[in-house]
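Chemist: Quick one: the structure is below, questions incoming.
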Amino acid sequence: MASNELLAHVVSMKYQYAMPLYRMESYFSMMDVNLSRQTLSNWIISCATELKPVFNYMKEELLKRDYIHADETYLKVIEENGKDSNSKRFMWLYRSGGIENPVILYDYQKTRSGSCAEEFLEGFSGYLQTDGYDGYNKVKNIKRLYCMAHIRRKFFEIISSLSPEALKQSHALEGFNYCEQLYEIEKELREQYMGSDDYYADRHIIRLKKSAPILKKFQEYVDNEIVDALPKSPLGKALAYAQKLLPYMRTFLTNGCLEIDNNAAERAIKPFVIGRKNWMFSKTSKGASSSALLYSIIETAKANGLVTEKYLVYLFEVLASSEIKERDILEKCMPWSENIPDQLRVKTAK
Numbered sequence: 060m061a062s063n064e065l066l067a068h069v070v071s072m073k074y075q076y077a078m079p080l081y082r083m084e085s086y087f088s089m090m091d092v093n094l095s096r097q098t099l100s101n102w103i104i105s106c107a108t109e110l111k112p113v114f115n116y117m118k119e120e121l122l123k124r125d126y127i128h129a130d131e132t133y134l135k136v137i138e139e140n141g142k143d144s145n146s147k148r149f150m151w152l153y154r155s156g157g158i159e160n161p162v163i164l165y166d167y168q169k170t171r172s173g174s175c176a177e178e179f180l181e182g183f184s185g186y187l188q189t190d191g192y193d194g195y196n197k198v199k200n201i202k203r204l205y206c207m208a209h210i211r212r213k214f215f216e217i218i219s220s221l222s223p224e225a226l227k228q229s230h231a232l233e234g235f236n237y238c239e240q241l242y243e244i245e246k247e248l249r250e251q252y253m254g255s256d257d258y259y260a261d262r263h264i265i266r267l268k269k270s271a272p273i274l275k276k277f278q279e280y281v282d283n284e285i286v287d288a289l290p291k292s293p294l295g296k297a298l299a300y301a302q303k304l305l306p307y308m309r310t311f312l313t314n315g316c317l318e319i320d321n322n323a324a325e326r327a328i329k330p331f332v333i334g335r336k337n338w339m340f341s342k343t344s345k346g347a348s349s350s351a352l353l354y355s356i357i358e359t360a361k362a363n364g365l366v367t368e369k370y371l372v373y374l375f376e377v378l379a380s381s382e383i384k385e386r387d388i389l390e391k392c393m394p395w396s397e398n399i400p401d402q403l404r405v406k407t408a409k
């Protein structure tokens with residue numbers, strides 16, 4: 060078996076730097092190291108198996124939180140149960156809300172059914188922020204929270220294609236402007252209050268004062284405009300989407316710790332999307348599940364300010380010398396633990 064350092068390097072190259080296995084094979088060959096794609100793949104799956112207890116502990120921690128962002132994207136899997144498949148599968152993403160001790164987990168599933176989120180989030184109770192996909196309605200004991208960025212995008216796509224003359228006459232411009240006003244308030248809040256001890260309390264108060272009236276006017280605009288809009292037109296679709304979600308957008312006004320959009324999840328899933336463009340597919344469902352686990356550990360480590368390759372070496376060493384059933388060992392391995400050695404942390408420029 061390879062050294063812990065080599066294993067960590069291979070995992071990091073694929074999941075942090077999006078290097079496909081065929082390119083990795085070539086990379087090692089140029090250094091006169093003969094490592095086939097199959098060998099590299101086997102190592103990666105073995106690493107995922109070794110790190111499964113770490114993932115499970117991270118999941119327990121995530122489910123204890125009171126605020127989670129979620130998203131999902133597609134993945135092509137070539138073989139399923141030893142048979143040619145070339146099927147479209149899905150990678151689900153769950154990220155803890157807020158900035159303290161972030162947890163970012165991926166979950167490979169065969170479908171986009173809401174039952175996937177329901178099963179993964181079993182035991183969670185709190186706010187769940189997503190786009191407008193109805194599948195998340197299957198998750199129990201939650202308060203749904205939607206994404207203003209998705210609403211804004213529908214109107215932006217309309218006005219961005221218009222000439223200056225047509226833009227002046229467009230009914231979509233008013234909807235877009237309401238979104239812009241809400242985001243301008245969020246920008247002011249970040250610039251003036253972020254970092255203060257009372258940031259969330261101040262954000263709650265100011266949103267009620269400034270954002271709530273705008274949201275009310277936005278809802279009135281949508282309800283009035285949708286009456287005359289053609290349902291299948293771009294404007295009609297944008298209005299219908301906004302009308303569906305706006306009543307629930309008021310949830311972000313109820314608690315200052317909540318975000319106006321689900322951009323945290325979209326940022327968290329982006330490394331996978333970038334990787335998918337390079338390696339294009341997973342050969343097997345086992346490989347896809349391993350990828351989900353390793354992306355989870357790497358992205359959670361990154362979000363907590365760790366050097367991922369060093370962190371992986373640390374995990375391999377600790378797990379090899381410990382009884383993994385001892386929960387205190389796993390707790391000390393978490394990226395936010397005070398027991399993490401300083402040399403594993405990203406050094407910030409002074």
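All residue numbers for the sequence shown refer to my numbering, where the first residue is 60 and numbers rise by one.
The beta-carbon is built from N, C-alpha and C at its ideal position, and this holds for glycine as well.
#1: With distance defined between alpha-carbon atoms, name the residue in S349, S355, S155 nearest to L122.
#2: Can you find the residues in the same chain that come closer than 7 Å, C-beta to C-beta, to Y259, ignoring five residues on each side of it along the sequence?
#3: Do you know how far the Cα of Y300 is from the Cα of A362?
#4: Comparing the C-beta of F311 with each C-beta of chain D, is any distance below 7 Å?
#5: Can you tell which of V136, K391, V366 has the C-alpha that lies nearest to the C-alpha of V377?
#6: If I measure Cβ to Cβ from D261 and keep anything under 6 Å in the same chain, skipping five residues before and after, which residues do I get?
#7: Quick check on the DSSP output: the alpha helix (DSSP H) that includes K199 runs from which residue to which?
#8: Any idea what DSSP makes of S270, helix, strand or coil?
#9: Between N100 and the rest of its own chain, which residues show a CB-CB distance below 7 Å, the 5 nearest in sequence each way excluded?
#10: Can you tell me whether L172 is helix, strand or coil according to DSSP?
#11: For P394, count neighbouring C-beta atoms within 10 Å of its own C-beta (all shown protein chains included) and say buried if the count is 16 or more, exposed if not.
#12: Give the straight-line distance between the Cα atoms of L221 and Y242, rounded to the nearest whole angstrom.
#13: Starting from K342 and walking both ways along the alpha helix (DSSP H), at which residues does that stretch end?
#14: Check whether the Cβ atoms of N337 and A129 sit closer than 7 Å, and answer yes or no.
#15: Between the Cα of V410 and the Cα atoms of R335, Y354, D190, which residue gives the shortest distance?
#16: Excluding sequence positions up to five away, which residues of its chain have a Cβ less than 6 Å from the Cβ of F277?
#17: Within the chosen definition, does the stretch 319 to 329 reach the stretch 202 to 212 through at least 3 CB pairs nearer than 8 Å?
#18: Going by other Cβ atoms of all chains shown within 10 Å of its Cβ, with 16 needed for buried, is G234 buried or exposed?
#19: Assign A271 to buried or exposed, taking buried as 16 or more other Cβ atoms, counted over all protein chains shown, within 10 Å of its Cβ.
#20: Residues bridged to R404 by DSSP?
Modeler: Quick look at the numbers:
#1: Among S349, S355, S155, the Cα nearest to that of L122 is on S155.
#2: G315, C316.
#3: Their Cα atoms are separated by approximately 32 Å.
#4: Chain labels in this structure do not include chain D; a single protein chain is all it has.
#5: Closest option to V377, Cα to Cα, is K391.
#6: Contacts found: Y252.
#7: If you look at K199, you'll find it isn't in any alpha helix (DSSP H); DSSP assigns it neither H nor E.
#8: Helix at S270.
#9: Looking at the sequence itself, residue 100 is Ser, so the reference to Asn does not match. Correct list, in chain order: L80, G346.
#10: At residue 172 the sequence reads Ser, which differs from the Leu that was named. Collapsing the DSSP output to three states places S172 in coil.
#11: Classification of P394: buried, given that the 10 Å Cβ count is 16 or more.
#12: The alpha-carbon atoms of L221 and Y242 are separated by roughly 22 Å.
#13: Segment 341 to 343 is the beta strand (DSSP E) holding K342; no alpha helix (DSSP H) there.
#14: Their beta carbons are not under 7 Å apart, which means N337 does not touch A129 by this criterion.
#15: In the structure as shown, the chain starts at 60 and stops at 409, and residue 410 therefore has no counterpart that could be examined.
#16: Around F277: Y237.
#17: Cβ pair count under 8 Å is three or more, so yes.
#18: The residue is buried, with at least 16 neighbouring Cβ atoms inside 10 Å.
#19: By the neighbour-count criterion, in which a residue is buried when 16 or more other Cβ atoms sit within 10 angstroms of its Cβ, A271 is exposed.
#20: Paired residue(s): L365.
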